[in-house]
Each structure stands twice: as structure tokens, then as C-alpha cells.
Amino acid sequence: DHRDLHSFPTRRSSDLGASVALTLLVLDLAFLGVIAKPIYDGALGGLRREPAYWPPALLFYVMYVFVISRFAVIHASSKRDALKRGTSLGFVSYGTYELTNWAVLAGWPSFLVPIDIAWGMVLTGTTALVGRMSMERLG
Numbered sequence: 001d002h003r004d005l006h007s008f009p010t011r012r013s014s015d016l017g018a019s020v021a022l023t024l025l026v027l028d029l030a031f032l033g034v035i036a037k038p039i040y041d042g043a044l045g046g047l048r049r050e051p052a053y054w055p056p057a058l059l060f061y062v063m064y065v066f067v068i069s070r071f072a073v074i075h076a077s078s079k080r081d082a083l084k085r086g087t088s089l090g091f092v093s094y095g096t097y098e099l100t101n102w103a104v105l106a107g108w109p110s111f112l113v114p115i116d117i118a119w120g121m122v123l124t125g126t127t128a129l130v131g132r133m134s135m136e137r138l139g
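Below you can see the structure in the form of C-alpha cells.
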């Protein structure tokens, strides 16, 4: 059934937000910190900050959890719709980031553009799907 923020109780909204946040963080940190770390270290060299500066990263995650939850999960009509909405959101979000970097940063590695956009689509689509499954379990 179709739900919106007004019909979804606050307690369940916080449980949903926690589910979305946990999924997003586990997947993204595994990708960035383990799977793709050698790619980014080699491609970005001195541009990469070690350790990461967490305040802007946390701000991004808080904003992204809210947008995923509201747009791709709560307003989705089904799990499939949540997956499609999340994948589309990931395409736009990560595409904006990558294409802007490529356009304005001298030496931005062009091979990162499709990698990051594809990752954003997989990450956000999967997160939205898991969020929708959690929402349905929460009732």
C-alpha cells in the first residue's frame, strides 16, 4: 500500500531511518574503505584525505538518508518501485557529483565517472529496497 509521512508513525519513521542509515553506511564504507580503496588511492593520490574529514561526510549521510527515506522508500508503491526510485536517485546524485568534479577539477580521472555513477545507482537502489522491506515489516 502507498504511504506518506503523515500516515507513517514517528516511531516507525525513526526505525526506517535507522534501517536506511545502517544499510547505506555499511555498504558505502565497505566499498570506499575496502573494495574500491586501491582504485581511489591510485587515481586521486594527494587529493585524498587520510583520515577522512568526518563532519561533511556525516552531513551528506544525514541528508541522503532523509532523501532516500522520503523519496525512494515512503513514497514508493512497492519494493520494485523503491528499487527503481533509489536507482534513479543514485544516478542523479552520484552523476551530479562526478560530472561536476570532472568539469571543474583539473586532472579529475575520467575513468572514475562511470565507476562512481554505477556505484551510486547500486548503493542507493539497494538501500531503498532494504528500506522498503523494513517499512513493510514495520507495518
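Mapping to my numbering: the sequence shown position 23 is 23, numbers consecutive.
Glycine is no exception: its CB is placed at the ideal position from the N, C-alpha and C atoms.
Return helix, strand or coil for residue i, following the three-state DSSP convention.
i: Y53; result: coil
i: L25; result: helix
To which residues of the same chain is residue i closer than 6 angstroms at the C-beta, ignoring the five residues directly before and after it?
i: I68; result: V20, T127 and A128
So, at 8 angstroms on beta carbons, what are the nonlocal neighbours of residue i in its own chain, with the 5 sequence-adjacent residues on each side left out?
i: R80; result: none
i: V130; result: S19, V20 and T23
i: L16; result: F8, S69, V73, I74, G131, S134, M135 and L138
Confirm the yes/no value for this check: CB of residue i, any heavy atom of the ligand SAH, distance under 7 angstroms.
i: T126; result: Absence of the ligand SAH from the depicted structure is noted, as is the absence of any ligand whatsoever, leaving it without description.
Rounded C-beta distance between residue i and residue j? I'm assuming under 8 angstroms.
i: R85; j: F71; result: 6 angstroms
i: W119; j: S110; result: Actually they do not touch by this definition, with Cβ atoms about 16 angstroms apart.
i: L89; j: E98; result: Wrong, their Cβ atoms sit about 15 angstroms apart, outside the cutoff.
Whose C-beta lies closer than 7 angstroms to the C-beta of residue i among residues of the same chain, with five residues either side of it excluded?
i: T87; result: M121, T124 and G125
Would you tell me roughly how many angstroms separate the C-alpha atoms of residue i and residue j, rounded to the nearest one?
i: P114; j: G33; result: 19 angstroms
i: W108; j: L44; result: 8 angstroms
Note down, one range per segment and in chain order, each beta strand (DSSP E) of at least 3 residues found wholly within the segment 63-123. Within the segment 63-123, there are no complete beta strand (DSSP E) runs of at least 3 residues.
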